[in-house]
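In my numbering, the protein residues as written are 779 to 987.
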């Protein structure tokens, strides 16, 4: 929603009721799909939209290509960023996407530019590639660099607090967001486990091995 006073990056979410439109007080709750079954290819990102922390569902589908040229299709995410993350997975993780179709969707029709969504996108891709569901009680916040490092993101305390508020048991972030002492403080401060990692390889081993 465009705002005359302030950044157009600020997001307001409304729902239509019998009494008319009303603001949604906690958009994260409606942006995460409630599912009976745990499915592969789904990861939850702890993002920021303007000044507001927002948990968003990332959906990925990786399938064997049936055409000559593999497809790369995105909705709500930058295509070039997807290609970069696929290259990182191939180079640093040894995965092979050359003959795979890759589809990526940000649930709720949102377009996300916050680089902290990288980690959730990468995990959704790996989950679909391996056809192994992620723990639905884990969410992610971290930018991924070309060398496979998991980079720090801003406003990490707000992201952790939002994940805790929605009942998540664990959040995975960059080890560069919290020093060793601060990591201990974070564990004491929040009722959510804060897991820090520095490399994509560590993340794969943690989630799938």
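Where a beta carbon is used, it is the ideal one built from N, C-alpha and C, also for glycine.
Subject >> Unbroken beta strand (DSSP E) run spanning residue 830, endpoints >> reply: 830-842 is the extent of the beta strand (DSSP E) around residue 830.
Exercise. Alpha carbon to alpha carbon, how far is residue 850 from residue 857? Give it in angstroms, no decimals.
Key: If I take the Cα positions, the gap works out to 8 Å.
Practice task
For residue 902, collect the residues of the same chain with a Cβ closer than 7 Å to its Cβ; drop the 5 residues on either side in sequence, then sort them by chain order.
Solution key: Setting aside the 5 residues that flank it on each side, residue 902 is surrounded in the same chain by 819, 820, 821, 836, 837, 838, each with a C-beta closer than 7 Å to its C-beta; the list follows chain order.
Member of 907, 925, 840 whose CA lies at the smallest distance from the CA of residue 848:
Of all alpha-carbon atoms in 907, 925, 840, the one lying nearest the alpha-carbon of residue 848 is that of 840.
Practice task
Put residue 977 into one of helix, strand or coil per three-state DSSP.
Solution key: Reduced to three states, the DSSP call for residue 977 is strand.
Margin query: Rounded to the nearest angstrom, what separates residue 975 and residue 953 at their Cα positions?
Written below: So the two alpha carbons sit approximately 5 Å from each other.
- prompt: Who are the Cβ neighbours of residue 948 in its own chain at under 7 Å, not counting the five residues just before and after it?
  reply: Residues 915, 916, 970, 971, 973 of the same chain have their beta carbon placed closer than 7 Å to that of residue 948, with the five preceding and five following residues left out of the count.
### Message
Output needed for residue 787: all residues of its chain with C-beta closer than 6 Å, excluding positions within five of it in sequence on either side, in chain order.
### Response
Because the pLDDT at residue 787 is just 49, under 50, the model does not fix this residue reliably, and the value given afterwards should be weighed accordingly. The residues are 828.
- In chain order, which alpha helix (DSSP H) runs of at least 4 residues are fully inside the region 848-888? The region 848-888 is shown to contain whole alpha helix (DSSP H) runs of 4 or more residues at 857-871, in chain order.
Residue range of the alpha helix (DSSP H) that includes residue 762:
One cannot answer for residue 762 here, as it falls past the ends of the chain, which runs 779 to 987.
query = Who are the near neighbours of residue 869 in its chain, counting only those whose CB is closer than 8 Å to its CB and skipping five residues on each side?
reply = 926.
Practice prompt. Mark residue 981 as exposed unless 16 or more other C-beta atoms lie within 10 angstroms of its C-beta, in which case mark it buried.
Written response: Residue burial is scored here from C-beta neighbours: residue 981 has at least 16 other C-beta atoms within 10 angstroms and is therefore classed as buried.
Quick one: is residue 900 near chain D, going by C-beta distance under 8 Å? In the structure shown, chain D cannot be found, because there is only a single protein chain.
For my contact list, residue 896 and residue 920 are in at a C-beta cut-off of 8 Å; report their separation, rounded to the angstrom. Indeed, because the Cβ distance is near 6 Å, the residues count as touching under 8 Å.
Residue from 968, 913, 955 whose Cα sits closest to the Cα of residue 940: The shortest C-alpha separation from residue 940 is found at 968.
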